[in-house]
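Asks: Just passing along the structure, written as structure tokens.
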Amino acid sequence: MKKLILFTVVAIAFTACKDKTKESAQAEEDIEVNTEVEVENDSDWVYLFDGTNFDKWRGYLKDEMHPEWTIEDGVMMFTPGEEGGKNIITKDTFTNFELSLEWKISEAGNSGIFWSVFEDPKYNEAYQTGPEIQVLDNERHPDAKANPKFHQAGALYDMVQPEQDVCKPAGEWNHCVLSVNHKTNEGSVTLNGTKIVSFPVHGEAWDALVANSKFKDWEGFGKHKTGHIGLQDHSDKVWFKNIKIRNL
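Note that the UniProt record's numbering numbers the sequence shown so that position 77 is 77, with each residue one more than the last.
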């Protein structure tokens, strides 16, 4: 959020005294100058991960974090284990928000960012209720080849395709911003500074997207306006950092 802040600068005009014997004497005249400076206000952002701890995260349907998720040099890293299903979610839930994070995927890797995850024991996985923003190695993973329109990095997975491929190669950081606003019924994904996906977030238009996807017969998918943010275990190594969110 940007705000205009008004700065007042006091300029002091010095005039020499007519009396040469008192050249050091000064007369002060105050001149008020108004300058508008545009600055970035970060006060609305809350870090979900600042590189130091997992205090705001836990495993899906768990009270604690899965050990496969670790922190190295200020970066959240997932290293797949023998068993899958080690998705994680935020402890808090969100409705209207803007989520900003950076992700990096391994070669031929696959992962995802979930939103509006509804946690209930009858749903074994976070993806059963939470729509997904794709995290992918577009150059090597089969999803990008078999279904490039709806499975590329940044896609609203299996529902809305990216307008263009702006993803950086595996091993490089990508900056992703996900916006979900039920007040205006607008959602979007901006990847590396380019808005590549726009979509409704509820109503008939949203229901039509779900009906035309693999999720059409999934009982709880995309039904909840309020839910957890989630990160996916897709059996590939993936990294995240600078995860922050603000309410809209």
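Where is the CB? At the ideal position from N, CA and C, for every residue including glycine.
Across the segment 207-223 and the segment 182-192, are there enough close Cβ pairs to call them in contact, namely three or more that are closer than 8 Å?
Replies: Not touching, per the Cβ criterion.
Asks: According to the neighbour-count rule (16 or more other Cβ atoms, all chains shown, within 10 Å of its Cβ), is G203 buried or exposed?
Replies: When all chains shown are included, G203 counts as exposed.
Asks: Answer yes or no: do N124 and D165 have a C-beta to C-beta separation smaller than 8 Å?
Replies: Against a cut-off of 8 Å, the Cβ pair of D165 and N124 comes out as no contact.
Asks: Which of the three DSSP states, helix, strand or coil, is assigned to Y47?
Replies: If DSSP states are grouped into helix, strand and coil, Y47 belongs with the strands.
Asks: Does Y127 pass the burial test, meaning 16 or more other C-beta atoms within 10 Å, or should it be called exposed?
Replies: Burial call: buried.
Asks: Locate the alpha helix (DSSP H) running through E204, then write down its first and last residues.
Replies: Where E204 is concerned, the enclosing alpha helix (DSSP H) stretches over G203 to A211.
Asks: Locate the beta strand (DSSP E) running through H175, then write down its first and last residues.
Replies: From DSSP, the beta strand (DSSP E) with H175 extends over N174 to N181.
Asks: Pop quiz: D236 and N110 are said to be a contact at Cβ under 8 Å. What is the actual Cβ separation, rounded to whole angstroms?
Replies: D236 to N110, Cβ: 5 Å. Contact.
Asks: Is it buried or exposed for Y157, if we count other Cβ within 10 angstroms and need 16 for buried?
Replies: With 16 or more other Cβ atoms within 10 Å, it is buried.
Asks: Cα separation between F221 and F215?
Replies: Rounded to the nearest angstrom, the two C-alpha atoms are 7 Å apart.
Asks: On the DSSP letters alone, give me the boundaries of the beta strand (DSSP E) that R246 sits inside.
Replies: R246 -> beta strand (DSSP E) spans V238 to N247.
Asks: Give a yes or no on whether the C-beta atoms belonging to G59 and Q232 are separated by under 8 Å.
Replies: Result no, Cβ atoms of G59 and Q232 do not sit closer than 8 Å.
Asks: To which residues does DSSP link H228 through a beta bridge?
Replies: Its beta-bridge partners are V117.
Asks: Distance, Cα to Cα, E40 vs N212?
Replies: Because the pLDDT at E40 is just 43, under 50, the model does not fix this residue reliably, and the point stays unresolved.
Asks: Using the C-alpha atoms, what's the distance from N174 back to T194?
Replies: Approximately 11 Å, taken between the alpha carbons.
Asks: Report buried or exposed for S43, applying the criterion of at least 16 other Cβ atoms within 10 angstroms of its Cβ.
Replies: Counting Cβ neighbours within 10 Å, S43 comes out exposed, since fewer than 16 surround it.
Asks: Select from G51, S116 and G84 the residue whose C-alpha is nearest the C-alpha of N230.
Replies: Here residue 230 is Gly; the residue named in the question, Asn, does not match the sequence. It is S116.
Asks: In terms of DSSP beta bridges, what is G187 paired with?
Replies: Answer is V180 and F199, bridged to G187.
Asks: Within the same chain, show all residues whose beta-carbon is closer than 8 Å to that of residue 295, passing over the 5 residues directly before and after it, in chain order.
Replies: Lying before the first or after the last residue shown, residue 295 is absent from the chain, which here runs from 1 to 248.
Asks: Between the Cα of M65 and the Cα atoms of N53, D73, E72 and G74, which residue gives the shortest distance?
Replies: M65 has its Cα closest to that of N53, out of N53, D73, E72 and G74.
Asks: Just mark G74 as buried or exposed, buried being the case when its beta carbon has 16 or more other beta carbons within 10 Å.
Replies: Label assigned to G74: exposed.
Asks: Which same chain residues end up closer than 7 Å to L61 when comparing Cβ atoms and leaving out the 5 residues on each side of it in sequence?
Replies: Around L61: E119 and P121.
Asks: Taking the Cβ atom as the reference point for each residue, do K145 and W239 lie within a distance shorter than 8 Å?
Replies: Contact: no.
Asks: Taking the CB atoms as reference points, tell me whether G227 and T129 lie closer together than 8 Å.
Replies: Yes; because the gap between Cβ atoms is below 8 Å, this pair is in contact.
Asks: How big is the Cα-Cα spacing for E102 and P142?
Replies: Those two C-alpha atoms are separated by around 23 Å.
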